[in-house]
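Here is the structure we will look at.
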Amino acid sequence: MKELPLGVNDYKDIVKGNFIYVDKTKYIYELVRREKGIYFLSRPRRFGKSLLLSTLYYLFKGEKELFKGTWIYDKWEWQEYPVVHISFASGLFKISEDLEGTILDILEDVSKKYGLILREGNVARKFRGLLVDIYEKYNEPIVVLIDEYEKPVLDNITKPEKAKEMREILRGFYSVLKDYTGLIRFLLITGLTKFTKMGVFSALNNLEDVSFDEKYAQMLGYTHEEVIQYFDEYIQKYLQLTGLSKKEFLEMFKEYYDGYSFDGIWYDEEGKDRRVYNPFAVLLFFSKMRFAPYWSDSGAPSFVYEYLKEHNASKNELLNQKVSESDFSQWEIEDNPPHLFLTQAGYLTQRLLTTRTSLQPIYELSIPNIDARLGIEKLLFSTEQKIDLATVSSKVNALAYAIETRDIQEMIEVINSIYAKISSRARKQIEKSGKEDRLTHLEAFYQSIMVSLFESTGVNVVSEEESAGGRADVVVRYNGLVYIFELKVEKSAKEAVEQIKAKRYHEPYKGKEVYLIGVNISSETGMIEEWKCEKI
1 MKELPLGVND YKDIVKGNFI YVDKTKYIYE LVRREKGIYF LSRPRRFGKS
51 LLLSTLYYLF KGEKELFKGT WIYDKWEWQE YPVVHISFAS GLFKISEDLE
101 GTILDILEDV SKKYGLILRE GNVARKFRGL LVDIYEKYNE PIVVLIDEYE
151 KPVLDNITKP EKAKEMREIL RGFYSVLKDY TGLIRFLLIT GLTKFTKMGV
201 FSALNNLEDV SFDEKYAQML GYTHEEVIQY FDEYIQKYLQ LTGLSKKEFL
251 EMFKEYYDGY SFDGIWYDEE GKDRRVYNPF AVLLFFSKMR FAPYWSDSGA
301 PSFVYEYLKE HNASKNELLN QKVSESDFSQ WEIEDNPPHL FLTQAGYLTQ
351 RLLTTRTSLQ PIYELSIPNI DARLGIEKLL FSTEQKIDLA TVSSKVNALA
401 YAIETRDIQE MIEVINSIYA KISSRARKQI EKSGKEDRLT HLEAFYQSIM
451 VSLFESTGVN VVSEEESAGG RADVVVRYNG LVYIFELKVE KSAKEAVEQI
501 KAKRYHEPYK GKEVYLIGVN ISSETGMIEE WKCEKI
């Protein structure tokens, strides 16, 4: 059984270390076969951008034997080219000296590698001189690979002046590429986002953005077929541990980690699913052999959290938005509308609504899978309700465990702990209403908080679910368990449970383990002061 390449982003290390390599060289060949390829590719974090650039590095270095057994092995000319690889993926860029120092270190490393001495001047002048000197020494066009090109700006997304400062330095640095494209055999710039005034896009007129290109939509991430082909031994191991059938497992696995589309085309003409899995989550799942939100739990970049706080984004503003491809490049990154920013960050994905021949392709945005849903729900709950993310994560984990263990008491305590943090603010917003309206608004408010909190656990949650007798306030479904909540303000928990039974909200769930839960919330304290549960 080959090893899982967790944390291994160097192609040579993967091959030599007997790790699994999901062969993407057919897509790579399409990218590199053009004599003068100048490209930009946007993908979310932990989607394999660094491994892609590493693979390209060894490809252009002509290291043929590393590619034995891959699709490209007998199709590439294996000529060696000088390669300049620049990465801003690591490090934190808080001041301009951080960025200039990192660029200088990278250029020094490249110059030493090729036996050259950097010229005098600022970083742009040094970069220009390095390209010229490499070309003159080897008399071969140069391959330039740039990873996470905009990270210094992302690190300062909520500080406009700092972001502008970083952008000016990078603009000068990248502008070198405009005047020296004649020396370049291949250029690929990767990042999380594309935005307008970095300079690299305005300067490089011939830079082709392939982020939405159908040919490369499956170049990063794993297809369903690739998961089955390359991880079959790990799948069999999981089936032995759990007793699940392969079909049952793959359905669960797909729902949890699949669903990303980068061209918006979910199915081909034969009905085959073209969406991809997040590779980081797949590898961690097979390492741990259990379901968990590995991608979202790997640590949302701080700039995502700070961005959402700054923009006061709400869930309703994000989902089902209609966008065009050009929308993604109309804004500076710090001014990006939240739905566009979160799509590029990997929390949303797109589905093409129009045809390939439409003058303006239109896409609809949605959450791709359970892993991403858990991440975005927690982030949005934290920023919308102004509760710190650590507290939200802790409460969500406790609620998830209570759902699984049927611990109604713990559920109520978790919900109450959240109500305690936000009730005074809610009452102030509603206190100008009359008595009747006030209670109605309070009930709706507490219902929405309960729904959001349950959604953050990743379970199936429906608000105002319709049945023959009316609409249930909140229905939570998980693994054969059903919890039906009815909320009252200044009434009684018993009355709430009786309403569930009288209106038969539980009727659609015959044969399942169903809990009818009535809660009464005090309009003065904003807390659940009484609750009642009956099991059916």
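Residue numbers (the numbering used here): 1 to 536. We treat Cβ as the ideally placed atom computed from N, Cα and C, and that holds for glycine.
Problem - Neighbourhood of F231 by C-beta, 8 Å cutoff - its chain only, sequence neighbours within 5 removed - result: I20, V282 and F286
Problem - Residues near Y222 by beta carbon distance below 7 Å, same chain, minus five either side - result: V22, V276, Y277, P279 and V282
Problem - Segments of 3+ residues assigned as beta strand (DSSP E) that fall wholly inside the stretch 81-113 - result: 83-87
Handout entry: Other residues of its chain near N9: CB distance less than 7 Å, five sequence neighbours each side excluded
Key = S50, L51 and S54
Problem - Neighbourhood of E465 by C-beta, 7 Å cutoff - its chain only, sequence neighbours within 5 removed - result: R471, A472 and V475
Problem - Separation of H339 from S296, as counted between CA atoms - result: 17 Å
Exercise for the section: Can you tell me which of the three DSSP states L187 falls into? Expected result: strand
Exercise for the section: Please confirm if the stretch 406-425 is in contact with the stretch 337-355, defined as three or more CB-CB distances below 8 Å between the two stretches. Expected result: no
Handout entry: Buried versus exposed, by CB contacts within 10 Å (16 or more), Y149
Key = buried
Exercise for the section: Evaluate the contact criterion for the stretch 172-185 versus the stretch 326-335: three or more CB pairs, one atom per stretch, below 8 Å. Expected result: no
Exercise for the section: Any chance you could list the alpha helix (DSSP H) runs of at least 4 consecutive residues sitting entirely within the stretch 332-395, in chain order? Expected result: 338-345 and 370-385
Practice task
Would you be able to state if there are at least three C-beta pairs under 8 Å between the stretch 226-244 and the stretch 308-319?
Solution key: no
Handout entry: Where N336 falls, given that 16 or more other Cβ within 10 Å makes a residue buried
Key = buried
Exercise for the section: Might you give, ordered along the chain, the residues of its own chain that have their beta carbon closer than 7 Å to the beta carbon of R373, omitting 5 neighbours on each side? Expected result: I367 and G458
Handout entry: Inter-residue spacing [alpha-carbon to alpha-carbon] between D273 and K503
Key = 41 Å
Exercise for the section: On the DSSP bridge assignment, give the partners of W531 in chain order. Expected result: V519
Problem - Three-state secondary structure assigned by DSSP to Y307 - result: helix
Handout entry: DSSP-derived helix/strand/coil call for V8
Key = coil
Handout entry: Neighbour-count burial assignment, S216, 16 or more Cβ in a 10 Å radius
Key = Per the sequence presented here, residue 216 reads as Tyr, with Ser not at that position. The residue is buried, with at least 16 neighbouring Cβ atoms inside 10 Å.
Exercise for the section: Compare the beta carbon distance of I86 and I146 with 8 Å and say whether it is the shorter of the two. Expected result: yes
Handout entry: Coarse secondary structure for E226, derived from DSSP in three states
Key = helix
Practice task
Take the Cβ of Q409 as the centre, count every other Cβ of all protein chains shown within 10 Å, and call the residue buried at 16 or more, exposed below.
Solution key: exposed
Problem - Beta carbon of F40 nearer than 8 Å to that of D213 - result: no
Practice task
Count the other C-beta atoms from every protein chain shown that fall within 10 angstroms of the C-beta of E350, then say buried if there are 16 or more, exposed otherwise.
Solution key: Checking the sequence shown, residue 350 turns out to be Gln, not Glu. That one is buried.
Problem - 8 Å Cβ cutoff met for V489 and I521 - result: yes
Practice task
Under 6 Å Cβ to Cβ from F485, same chain only, skipping five residues before and after it: list those, please.
Solution key: D473, V474 and I517
Exercise for the section: Starting from the Cα of F47, find the closest Cα among S358, Y257 and E377 and give me that residue. Expected result: Y257
Problem - Proximity of Y81 and E140 at Cβ, strictly below 8 Å - result: yes
Problem - CA nearest to the CA of K164, picked from N416, L99 and V132 - result: L99
Handout entry: L389 versus S456, K494 and F253, residue with shortest Cα-Cα distance
Key = S456
Exercise for the section: Compare the Cα-Cα distances from A292 to each of I387, E63, I95 and I370 and report the closest residue. Expected result: I370
Practice task
Less than 8 Å between the CB atoms is what I'm expecting for Y363 and G526, so what's the real figure, rounded?
Solution key: That belief does not hold up - the Cβ atoms of Y363 and G526 are roughly 40 Å apart, past 8 Å.
Exercise for the section: Starting from the N-terminal side, write out each stretch of the beta strand (DSSP E) that is 3 residues or longer and does not extend beyond the stretch 34-82. Expected result: 37-42
Exercise for the section: Count the other C-beta atoms from every protein chain shown that fall within 10 angstroms of the C-beta of L56, then say buried if there are 16 or more, exposed otherwise. Expected result: buried
Exercise for the section: Tell me whether the beta-carbon of L59 lies closer than 8 Å to the beta-carbon of V32. Expected result: yes
Problem - Best match in G37, F253, L66 and Y478 for proximity to L188 [C-alpha to C-alpha] - result: G37
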